[in-house]
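Student:
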Amino acid sequence: RTLSTSQYSDLEKNKMQQSLANLQLVYNEVERDWSAATQEDSNPLELALPLLDTTSVGLASKYPLFTSLYAKIGLSLQNAVDEHFQAFNSSVGSYSTVLEYINDSQETVKAIKENLKQSTAEITDKKDYLNDLNLNSQKYANMIEILDVIEILKNIPEQLENYFVEKNFSKVENLLSYAEQQANSYNLWNIEALAGIKSYLESQRISLFDTIMEELYATIYLKSASYSSSSSSNNQFLLSTNNGFSTLEQYIHNIINIDISERSSNIHSNLEIFLKEWEKSSKLNHLSPSYSYKKDQQMDPYNYIKSLLETLAKLDKLPKALETLTQRNPFELHKLVNHSAEEIRLKHPKNLKETASFNKLDFNQVDFGLGIGDLGVIVLQDYFWNVFTKFLLVLQSHRVVYEISKHILTSNSTASLLNYDFIDIWKNMENESRSLIYSYITDDSVVFSNSHLKNPSHSASKQPFQNNLNLLTERKNNNTTLFHLNDSKLNDSIIIKESEELKSVLQEIFPGFVMSNEKIQDKPLYLEDESYSLQETLVPSNVFNMRVILESFLVFIQGAKNTFPLELKNESNDPIEFFKEFMLKTFLPQLDDSFEYINMNQNDLDNDIKFNGISNSKIFKSADDFYHLFTRICRILNTNLEYRNEYGQIILLILNKFLNKYQRLYDELITKEEFTTDKKIKMTTQWMKFPQLSHISLQILKNDVDKSMIAAEIDILLDKPNLIFENISKSQLLPKKSFNLLSQMLGSISWILMWLLKIRKVISKEEIEKKRNEKNNEDDLVELRNKWLILEGGDTRISEKYEELYLTLEEGESAGLFDKIIEDFKILSRNTLLGLRYDMRLRTMYQLNLAFRNDYWTPESDMIEVVKDIELLNEIIVDYNNKLINVLGCKDRDGILVGLPDFIDRLAILNGSIISKINLNGIKKLNLNIMAIQQVLRNILHKAEDVDFSYSIGYYSLFRKGQNNLIQEIKENKNLFNINENKVMIRLMYSEE
3 RTLSTSQYSD
13 LEKNKMQQSL
23 ANLQLVYNEV
33 ERDWSAATQE
43 DSNPLELALP
53 LLDTTSVGLA
63 SKYPLFTSLY
73 AKIGLSLQNA
83 VDEHFQAFNS
93 SVGSYSTVLE
103 YINDSQETVK
113 AIKENLKQST
123 AEITDKKDYL
133 NDLNLNSQKY
143 ANMIEILDVI
153 EILKNIPEQL
163 ENYFVEKNFS
173 KVENLLSYAE
183 QQANSYNLWN
193 IEALAGIKSY
203 LESQRISLFD
213 TIMEELYATI
223 YLKSASYSSS
233 SSSNNQFLLS
243 TNNGFSTLEQ
253 YIHNIINIDI
263 SERSSNIHSN
273 LEIFLKEWEK
283 SSKLNHLSPS
293 YSYKKDQQMD
303 PYNYIKSLLE
313 TLAKLDKLPK
323 ALETLTQRNP
333 FELHKLVNHS
343 AEEIRLKHPK
353 NLKETASFNK
363 LDFNQVDFGL
373 GIGDLGVIVL
383 QDYFWNVFTK
393 FLLVLQSHRV
403 VYEISKHILT
413 SNSTASLLNY
423 DFIDIWKNME
433 NESRSLIYSY
443 ITDDSVVFSN
453 SHLKNPSHSA
463 SKQPFQNNLN
473 LLTERKNNNT
483 TLFHLNDSKL
493 NDSIIIKESE
503 ELKSVLQEIF
513 PGFVMSNEKI
523 QDKPLYLEDE
533 SYSLQETLVP
543 SNVFNMRVIL
553 ESFLVFIQGA
563 KNTFPLELKN
573 ESNDPIEFFK
583 EFMLKTFLPQ
593 LDDSFEYINM
603 NQNDLDNDIK
613 FNGISNSKIF
623 KSADDFYHLF
633 TRICRILNTN
643 LEYRNEYGQI
653 ILLILNKFLN
663 KYQRLYDELI
673 TKEEFTTDKK
683 IKMTTQWMKF
693 PQLSHISLQI
703 LKNDVDKSMI
713 AAEIDILLDK
723 PNLIFENISK
733 SQLLPKKSFN
743 LLSQMLGSIS
753 WILMWLLKIR
763 KVISKEEIEK
773 KRNEKNNEDD
783 LVELRNKWLI
793 LEGGDTRISE
803 KYEELYLTLE
813 EGESAGLFDK
823 IIEDFKILSR
833 NTLLGLRYDM
843 RLRTMYQLNL
853 AFRNDYWTPE
863 SDMIEVVKDI
873 ELLNEIIVDY
883 NNKLINVLGC
893 KDRDGILVGL
903 PDFIDRLAIL
913 NGSIISKINL
923 NGIKKLNLNI
933 MAIQQVLRNI
943 LHKAEDVDFS
953 YSIGYYSLFR
963 KGQNNLIQEI
973 KENKNLFNIN
983 ENKVMIRLMY
993 SEE
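Just so you know, the sequence shown maps onto residues 3 to 995 in this note's numbering.
What follows is the structure, encoded as structure tokens:
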């Protein structure tokens, strides 16, 4: 139809379409009712037979319908042909034309096939040439890519510089990694022209690590100006003042109102917030942002540290960085301490200048450190708050490093490479803190040595107190050096060989290098001192600086405890245990040494021995100084309200040491020198070591005068008179100076016992338990502060009212130790009293012995006088009496002199045995001298009637009666004397014959 040129009207077109539509309807009906006839493989016979079947199963009944349909089909086809007759004619006419087109198309197709066949042959024959073209094309494409990459690499240095300036280290690492990846992909590093870029990138990678490490140091150790200001603001916040310690009132306010837990929590808050946020983000695997120095470091240092660590992890340098951080930590901490000191010097130049202008106290003054009014307190307080605040911020940064590095290395399955030791960081901080505080509490002028504590010659012979307080002295001796590298010794030949090799190497490296002939082996191979150089302290070192340092130290300890990772917390690493150990093993022994040093210079018995021997003072100056020192120590250590065991031990130890001083003096004057210059045993020493004699003498001192006890004492003293008379010499006697010293010591002990008993205050076990229950409700740090608090110690000479002061003791051990010291003082007092008592008797014995032995007892005239030795004895008695009354008072004086008349009365009789000749005038002379002694004693003793020499006078009156009357009295038992005394009298009666 498309080839027909006939034109049809719309009506004709409609009829043509309608005829076809009708035909389609008929076809649809056939397809619906007679579908078998429309199949391609249908059999007409199979369709006709059922139509002829008139049975019930046949289709004969539908035959009329079939014929009707047949006629309908014919009509529809006839109608369609009629309507399309012209079209059919046109189609037949076009057939030849179509056939020509088909023939032409076949020719065209044949030509194309020939062309394809020819092209296929050509392609097969020229394959190698095409491969070469393909390879060249790829090569040119690669060259273009390489040139592009080279261009990128050439631009990288400039980009790196910009990123370094911005401190955008994450982008630096990404850029370096990209450059490395691209260069390795195209093997660009083999190009000689790119060697410079390669070297630059390698150096920048190394530089990146070093720069990141320095940035970590700057961030962790607060080196940047922003961190310094941040630390300063934290410090000011802790002190609750806008101007630091500009006023004394502000300082006192801070001391009263500071809350340790609150202050440490304020510093810890930022770290706590960061750790919580980081924990959430790490669980969600959030990527860290790229941090810029200018914006984020100041605002968010912990996230900045995190970014730096992640960059190091990408560089595969995290384990090395952690190791380097650990190794450099001690140096950085020390540097931080020194830098803080410089900051304080710039901040308080006026205070430091005025503090330095004060002269150090001399030995006659007691230096109890900085007082509240001292400007040095402001400097010291500000310095330690500054240092410990920085230490806390540094430790918190290390905690961030610990947590981030642990997470990174664990997530990368390289946990075994974790070299970061937080415990080591803390130990370094412990050591630096200990060294810093030690330098401010240790005065070089305190030259007290522990050696005397271990020297038996410096200890009392009986020292039960030592067992109870040995812990304090042990703490001073536990810093034993185990090993010194510079003590190690090598074979001399090895050292010489190594030194020669070193010399040759140095000469090769440095032409003209000349070594001296000094042998290297003469010097140690190792550094003898690796310690950091210590800066001069801002204020004079003094153990009492601890009262200013304590608050900031405790805040640091609490903050460190809050910062510690939970998994690392144990007793050995606990900051509170470090505080306790420092206070017990460093501060407490130093405090004890300082008290001892002050005590040694203030209470020097050598001065008493040098001057007080000729002094009329009732007590030693050392005793008076000790009173002021001891009461001031009690005020400083706040002993009024409660007993603090550590300070209580020191106070009791000080008291015990003072007791030992007097004990040593007593030993040196009485018991130490057991022999005289002629190697004879001292009688006083023998008497002191005779328990029965001491017991009787003490009973005489305690009770009213008992003649029987006095007689018993005299019997023991004069048990062997002949032996005594043979050994008696001046060397047996105490020198006058020693007698005076013992008298003053006895008076000093009595005075010390008086005020010691008045300040004694014992709290019961019930009160102790109640206070302990109250302390259990307190915070650990509050308890520690109360435990180690040191008060400002005013001068006790302002007020002599020692009743206002108490030494509080706990019922039990501490009260028992104090009472033991009191008892030892009393024992020393009694022994001193006995020593003076026995010396007075020995001195009397010596003078009477001289008088009876040396004087002339056969005068021809009855003009008689008191002999010189008796006069000297009377002078000694009067002089010693005056001394004893002035120093001891009448009671203790009487304790020394009581029974002396009875002793002289008995001794006068015994001394008759050493008179070689005597006559009646000699008897008169002897009676006169005895009565002279009696008169002196009656004048000085409290009870004159007790001075009765009738026994000795009656004895020598026997001389006038003669031998016969004496014998008669003996026979009649009227004689009062023993047989030896009567024998001596009979010998005297015949002495001139």
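Glycine is no exception: its CB is placed at the ideal position from the N, C-alpha and C atoms.
Predicted model, so just to flag it, every value in this text is computed and none were measured.
CA-CA distance, Ile-275 and Phe-566?
Tutor: Here residue 275 refers to the residue found at position 273 of the sequence shown. Here residue 566 refers to the residue found at position 564 of the sequence shown. Spanning the two alpha carbons is a distance of roughly 15 angstroms.
Student: Return the CA-CA distance between Ser-745 and Val-889, expressed in angstroms with no decimal places.
Tutor: Here residue 745 corresponds to residue number 743 of the sequence shown, with the count starting at 1. Here residue 889 corresponds to residue number 887 of the sequence shown, with the count starting at 1. If you take the alpha carbons of Ser-745 and Val-889, they lie about 7 angstroms apart.
Student: Nearest to Lys-352 by alpha carbon, out of Leu-593, Asp-376 and His-341?
Tutor: By 1-based counting over the sequence shown, the position of residue 352 is 350. Checked all of Leu-593, Asp-376 and His-341; the closest Cα to Lys-352 is Asp-376.
Student: Please classify Met-865: is it buried, with 16 or more other beta-carbons within 10 angstroms of its beta-carbon, or exposed?
Tutor: On the sequence shown, residue 865 is found 863 positions in, with the first residue counted as 1. Classification of Met-865: exposed, given that the 10 Å Cβ count is below 16.
Student: Given a threshold of 16 other Cβ atoms within 10 Å of its Cβ, counted over all protein chains shown, does Phe-333 qualify as buried or as exposed?
Tutor: As a position in the sequence shown, residue 333 is number 331, starting the count at 1. So Phe-333 counts as exposed.
Student: Please name the residue, chosen from Phe-951, Ile-917 and Asp-318, that lies closest to Tyr-1 on a Cα-to-Cα basis.
Tutor: It is not possible to answer for residue 1, since the shown part of the chain is limited to 3 through 995.
Student: Reducing DSSP to helix, strand and coil, say where Glu-812 ends up.
Tutor: Looking up residue 812 in the sequence shown gives position 810. Secondary structure at Glu-812: strand, using DSSP grouped into helix, strand and coil.
Student: Grab me the residues of Lys-200's own chain with a C-beta within less than 6 angstroms of its C-beta, minus the 5 sequence neighbours each way, in chain order.
Tutor: Counting from one through the sequence shown, the residue named residue 200 turns up at place 198. Listed in chain order, the non-local C-beta contacts of Lys-200 below 6 angstroms within the same chain comprise Trp-191, local neighbours out to five positions each way being set aside.
Student: Are Lys-835 and Ile-898 touching if we call contact CB-CB under 8 angstroms?
Tutor: Sequence index remark: in the sequence shown, residue 835 carries index 833 (1-based). Sequence index remark: in the sequence shown, residue 898 carries index 896 (1-based). The question names Lys, but residue 835 is Leu in the sequence shown. Yes, the Cβ-Cβ distance between Leu-835 and Ile-898 is below 8 angstroms.
Student: Alpha helix (DSSP H) containing Val-403: first to last residue?
Tutor: In the sequence shown, counting from the first residue as 1, residue 403 sits at position 401. First-last of the alpha helix (DSSP H) with Val-403: 377 to 413.
Student: To which residues does DSSP link Arg-762 through a beta bridge?
Tutor: Sequence index remark: in the sequence shown, residue 762 carries index 760 (1-based). Beta-bridge pairing links Arg-762 to Leu-809.
Student: Give me, in chain order, the residues of the same chain whose beta-carbon lies closer than 6 angstroms to that of Ile-656; leave out the 5 immediate sequence neighbours on both sides.
Tutor: For this step, residue 656 is matched to residue 654 along the sequence shown. Closer than 6 angstroms at the Cβ level, and outside the excluded window around Ile-656, lie Phe-597.
Student: Give the straight-line distance between the Cα atoms of Phe-424 and Tyr-223, rounded to the nearest whole angstrom.
Tutor: Translated into positions along the sequence shown, residue 424 becomes position 422. Translated into positions along the sequence shown, residue 223 becomes position 221. Roughly 15 angstroms between the two C-alpha positions.
Student: Would you call the CB atoms of Ile-920 and Thr-846 closer than 8 angstroms?
Tutor: Along the sequence shown, read from residue 1 onward, the residue named residue 920 stands at position 918. Along the sequence shown, read from residue 1 onward, the residue named residue 846 stands at position 844. Their beta carbons are not under 8 angstroms apart, which means Ile-920 does not touch Thr-846 by this criterion.
Student: For the segment 193 to 213 against the segment 158 to 172, are there 3 or more C-beta pairs whose distance is under 8 angstroms?
Tutor: By the Cβ criterion, the segment 193 to 213 is in contact with the segment 158 to 172, since at least three pairs of Cβ atoms, one from each stretch, lie closer than 8 angstroms.
Student: Over what stretch of residues does the alpha helix (DSSP H) that includes Gln-184 continue unbroken?
Tutor: Working through the sequence shown from its first residue, we reach residue 184 at position 182. Gln-184 -> alpha helix (DSSP H) spans 171 to 187.
Student: Within its chain, find whatever has a CB closer than 6 angstroms to the CB of Leu-928; leave out the 5 residues flanking it on each side and keep chain order.
Tutor: In the sequence shown, counting from the first residue as 1, residue 928 sits at position 926. Tyr-958, listed in sequence order.
Student: Out of Leu-844, Met-842, Glu-873 and Arg-843, point me to the one whose CA is closest to Asp-857's CA.
Tutor: Sequence index remark: in the sequence shown, residue 857 carries index 855 (1-based). Ranking Leu-844, Met-842, Glu-873 and Arg-843 by Cα distance to Asp-857 puts Glu-873 first.
Student: Rounding to the nearest angstrom, what Cα-Cα distance links Asp-871 and Ile-765 in this structure?
Tutor: Here residue 871 is taken as the residue at index 869 of the sequence shown, counted from 1. Here residue 765 is taken as the residue at index 763 of the sequence shown, counted from 1. Each residue's alpha carbon lies about 59 angstroms from the other.
Student: Report the start-end ranges of each alpha helix (DSSP H) in the segment 705 to 761 that is 4 residues or longer and not cut off at the edges.
Tutor: Qualifying alpha helix (DSSP H) stretches, in chain order: 709 to 719, 723 to 729 and 738 to 761.
Student: Apart from the five residues just before and just after Thr-483, which ones in its own chain have a Cβ nearer than 7 angstroms to its Cβ?
Tutor: Taking the sequence shown and counting its residues from 1, one reaches residue 483 at position 481. Below a pLDDT of 50, predicted positions are generally treated as unreliable, and Thr-483, at 44, falls in that range; no measurement from the model is reported.
Student: Using a 10 Å radius around the Cβ and a threshold of 16 neighbouring Cβ atoms, would you call Phe-211 buried or exposed?
Tutor: The residue labelled residue 211 in the question sits at position 209 within the sequence shown. Label assigned to Phe-211: buried.
Student: So Val-557 is in the alpha helix (DSSP H); what residue range does that whole segment cover?
Tutor: Here the question's residue 557 lines up with position 555 in the sequence shown. It spans 548 to 565 - the alpha helix (DSSP H) in which Val-557 sits, taken as one unbroken run.
Student: What number of angstroms, rounded off, separates the C-alpha of Asp-364 from the C-alpha of Gln-592?
Tutor: Locating residue 364 in the sequence shown gives position 362, where the first residue counts as 1. Locating residue 592 in the sequence shown gives position 590, where the first residue counts as 1. Confidence at Asp-364 is low in this model, with a pLDDT of 42, below 50, so the placement of that residue is unreliable and no value is reported for it.
Student: Label His-944 either buried or exposed according to how many other C-beta atoms from any shown protein chain fall within 10 Å of its C-beta, with 16 as the threshold for buried.
Tutor: Within the sequence shown, the letter at position 942 stands for residue 944. That one is exposed.
Student: Looking at the unbroken alpha helix (DSSP H) that takes in Val-986, where does it start and where does it end?
Tutor: For the purposes of this step, residue 986 is taken as the residue at position 984 of the sequence shown. Per DSSP, Val-986 is one residue of the alpha helix (DSSP H) stretching across 981 to 991.
Student: Starting from Asn-876, trace the alpha helix (DSSP H) in both directions and tell me its first and last residue.
Tutor: Position 874 of the sequence shown, counted from the start, is the residue given in the question as residue 876. First-last of the alpha helix (DSSP H) with Asn-876: 870 to 890.
Student: According to DSSP, is Ser-543 helix, strand or coil?
Tutor: Sequence index remark: in the sequence shown, residue 543 carries index 541 (1-based). Here Ser-543 sits in coil by DSSP.
Student: Check whether the Cβ atoms of Glu-217 and Lys-169 sit closer than 8 angstroms, and answer yes or no.
Tutor: Locating residue 217 in the sequence shown gives position 215, where the first residue counts as 1. Locating residue 169 in the sequence shown gives position 167, where the first residue counts as 1. It is a contact, given that the beta carbons lie within the stated cut-off.
Student: Could you tell me whether the Cβ atoms of Gln-734 and Lys-684 are closer together than 8 angstroms?
Tutor: Walking along the sequence shown from the start, residue 734 turns up at place 732. Walking along the sequence shown from the start, residue 684 turns up at place 682. A Cβ-Cβ contact shorter than 8 angstroms links Gln-734 with Lys-684.
Student: Reducing DSSP to helix, strand and coil, say where Glu-785 ends up.
Tutor: For the purposes of this step, residue 785 is identified with residue 783 of the sequence shown, where counting begins at 1. Reduced to three states, the DSSP call for Glu-785 is helix.
Student: By alpha-carbon positions, which one of Trp-689, Arg-989 and Asp-948 ends up nearest to Leu-968?
Tutor: Indexing the sequence shown from 1 puts residue 968 at position 966. Nearest option by C-alpha distance: Arg-989.
Student: Compute the distance between the beta-carbons of Ile-638 and Ile-792, then report whether it is under 8 angstroms.
Tutor: As a position in the sequence shown, residue 638 is number 636, starting the count at 1. As a position in the sequence shown, residue 792 is number 790, starting the count at 1. Yes; because the gap between Cβ atoms is below 8 angstroms, this pair is in contact.
Student: Taking the alpha carbon of Lys-739 as the point to measure from, which residue in Ile-972, Tyr-882 and Phe-393 has its own alpha carbon closest?
Tutor: Here residue 739 refers to the residue found at position 737 of the sequence shown. The shortest Cα separation from Lys-739 among Ile-972, Tyr-882 and Phe-393 belongs to Tyr-882.
Student: Within 10 angstroms of its Cβ, does Arg-646 collect 16 or more other Cβ (buried), or is it exposed?
Tutor: Counted from its first residue, the sequence shown places residue 646 at position 644. So Arg-646 counts as buried.
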